[in-house]
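What follows is one structure encoded as structure tokens, with my remarks underneath.
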Amino acid sequence: MDYSSVKINNYKELVKLPWFELRGDGRLTLKQDSGVPPILDVHTHFGWSYFGGRVVPYDTLHQDEAQQYYDYSNNPVNLDKDEHPLKSEADGITIDIALIIARCPPKARTQTAANMLEEMDRFNTVASVVLPIEIPLRSRHAFQTVTTCKKYERLIAFAGVHPWTRWKKLRLDWQISQGALGLKYHPEFQFCPPDTRGALDLFAMCRDAGLVIQAHSGATGTEPGWMQKLSHPDRYRKAVEQFPDLKIILAHTAIIHYKAAVAMAREYENVFVDTSGQGVPVLREIFDQVPRHKILYGSDWSFFPLGVPIARSMAALDGYPEDFKQDYFYRNACRLLGLNAAAFANGQVVKA
Numbered sequence: 104m105d106y107s108s109v110k111i112n113n114y115k116e117l118v119k120l121p122w123f124e125l126r127g128d129g130r131l132t133l134k135q136d137s138g139v140p141p142i143l144d145v146h147t148h149f150g151w152s153y154f155g156g157r158v159v160p161y162d163t164l165h166q167d168e169a170q171q172y173y174d175y176s177n178n179p180v181n182l183d184k185d186e187h188p189l190k191s192e193a194d195g196i197t198i199d200i201a202l203i204i205a206r207c208p209p210k211a212r213t214q215t216a217a218n219m220l221e222e223m224d225r226f227n228t229v230a231s232v233v234l235p236i237e238i239p240l241r242s243r244h245a246f247q248t249v250t251t252c253k254k255y256e257r258l259i260a261f262a263g264v265h266p267w268t269r270w271k272k273l274r275l276d277w278q279i280s281q282g283a284l285g286l287k288y289h290p291e292f293q294f295c296p297p298d299t300r301g302a303l304d305l306f307a308m309c310r311d312a313g314l315v316i317q318a319h320s321g322a323t324g325t326e327p328g329w330m331q332k333l334s335h336p337d338r339y340r341k342a343v344e345q346f347p348d349l350k351i352i353l354a355h356t357a358i359i360h361y362k363a364a365v366a367m368a369r370e371y372e373n374v375f376v377d378t379s380g381q382g383v384p385v386l387r388e389i390f391d392q393v394p395r396h397k398i399l400y401g402s403d404w405s406f407f408p409l410g411v412p413i414a415r416s417m418a419a420l421d422g423y424p425e426d427f428k429q430d431y432f433y434r435n436a437c438r439l440l441g442l443n444a445a446a447f448a449n450g451q452v453v454k455a
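FYI, the numbering for the sequence shown is 104 to 455, going by our numbering.
In structure tokens:
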């Protein structure tokens, strides 16, 4: 079926698709018989916590749902192409970043572990990888992410270390001791491209520790040109070739630069992709061209509400065998992270 022809005017209208319904309290949820496999989401974030802003209370369950940076509550859901950030959303994110030196952004206060878990329960998400982004100064994001995830077996922390810090190994080793299974690296937010010395030194430490790199790649096209150049997939080639034993996930399949990311995943054994932020036509290109075991499901919560990437994924998977869906939604990620896929299918997050 061509699900992309269904007009979806707002988030709750995802009930027009066969996988969703509204609960009695009006919140969107998957149907019991949706056919969506158990999900291991490899791309989520807690709310930002930097500088002098108040610490985000990650264990707090807000009365209202978490507020995502991309607002679909009153905007159409386009299954084929992501049209976010809207100008108003981009402006809001810019303001939050500018003011974060003195306050915690209001939306970030709702992007808590408790709210994430509540939403995961509604969307058959057994576990999520939570990715901190460390900036050079006064960052608490990694510490809070790792210590919070340690309390919940369904939340899998990746480490966050800025490539410029002199204490890279000390910080990385501590986060590994607290359970981190990988490293989140973001060349745009960290202002450090992946082919520079600081990044390569950090990648070498991750290789030695057996960590997976979750690496932001590509751009939406709304960023300044100089910033887009920091995260183009080709800038990862040096690291990919220098560390063939280091597994690197190109997050978002590089968004508008997805063809370059697909080419790298086909060329290099140690390159994987996650599909967060992509629409149905690009998802199908990824499914058809990237080696099957390298394709990972990701939502990019707290930018997206969980229903949107699931809807796009299920629409794109129409006609694909059930075995492919199982690999995509959880088995590939379980293998990559060393988790027991059979146990995961039964709702248990345990090492293989």
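Cβ atoms here follow ideal geometry from the backbone N, Cα and C, with glycine treated the same way.
Quick one: grab the DSSP three-state call for residue i.
| i | result |
| --- | --- |
| Gln317 | strand |
| His265 | coil |
| Val411 | helix |
| His244 | helix |
| Glu192 | helix |
| Tyr433 | helix |
| Tyr114 | helix |
| Ile259 | strand |
| His146 | strand |
| Thr215 | coil |
| Glu168 | coil |
| Ile358 | strand |
| Leu182 | coil |
| Lys350 | coil |
| Lys253 | coil |
| Lys210 | coil |
Would you decide whether residue i is buried or exposed? Buried here means 16 or more other CB atoms lie within 10 Å of its CB.
| i | result |
| --- | --- |
| Leu440 | buried |
| Glu237 | buried |
| Arg126 | exposed |
| Asn177 | exposed |
| Lys184 | exposed |
| Ser108 | exposed |
| Arg274 | buried |
| Leu286 | buried |
| Pro239 | exposed |
| Met104 | exposed |
| Lys397 | buried |
| Glu222 | buried |
| Lys350 | buried |
| Ala418 | buried |
| Gly263 | buried |
| Pro140 | buried |
| Pro347 | exposed |
| Gly401 | buried |
| Asp421 | exposed |
| Leu442 | buried |
| Pro179 | exposed |
Considering only heavy atoms of the ligand NAP, does any lie closer than 7 Å to the CB of residue i?
| i | result |
| --- | --- |
| Tyr173 | As presented, the structure is devoid of all ligands, the ligand NAP included, so that no description of it is given. |
Would you kindly report the start and end of the unbroken beta strand (DSSP E) that includes residue i?
| i | result |
| --- | --- |
| Val229 | 228-233 |
| Glu124 | 123-125 |
| Leu420 | Segment: none, Leu420 is in no beta strand (DSSP E) and carries neither H nor E. |
| Leu133 | 131-133 |
Determine, using beta carbons only, whether residue i comes closer than 8 Å to chain D.
| i | result |
| --- | --- |
| Leu143 | In the structure shown, chain D does not exist; there is a single protein chain. |
Going by DSSP, what residue range makes up the alpha helix (DSSP H) through residue i?
| i | result |
| --- | --- |
| Ala448 | 444-448 |
Could you give the uninterrupted runs of the beta strand (DSSP E) lying entirely in the segment 373-406, keeping only those of 3 residues or more?
Correct list: 374-377.
Cβ contact (3+ pairs, closer than 8 Å) linking the segment 402-418 and the segment 361-371:
Touching, no.
Segment contact, 8 Å Cβ cut-off, at least three pairs: the segment 374-385 with the segment 342-359:
Three or more beta-carbon pairs drawn from the segment 374-385 and the segment 342-359 are found closer than 8 Å, and the two stretches are therefore classed as touching.
Would you call the segment 256-271 and the segment 226-236 in contact, with 3 or more CB pairs under 8 Å?
Enough Cβ pairs lie closer than 8 Å, so yes.
Validate contact between the segment 132-152 and the segment 211-230 using beta carbons, cut 8 Å, 3 pairs
Flag = yes, the segment 132-152 and the segment 211-230 touch.
Would you call the segment 386-399 and the segment 107-115 touching, i.e. three or more CB-CB distances under 8 Å?
As far as the Cβ criterion goes, the segment 386-399 does not touch the segment 107-115, which means the pair count is below three.
For the segment 277-348, which segments carrying the beta strand (DSSP E) assignment without a break, of at least 3 residues, lie completely within its bounds, in sequence order?
Qualifying beta strand (DSSP E) stretches, in chain order: 285-288, 315-319.
Can at least three beta-carbon pairs, one atom from the segment 277-293 and one from the segment 301-308, be found at a separation below 8 Å?
Segments in contact, yes.
Three or more C-beta pairs closer than 8 Å, one from the segment 314-321 and one from the segment 329-338: is that the case here?
Taking 8 Å as the limit for Cβ pairs, the verdict is that the segment 329-338 does touch the segment 314-321.
At least three beta-carbon pairs within less than 8 Å, the segment 350-362 to the segment 305-317
Touching, yes.
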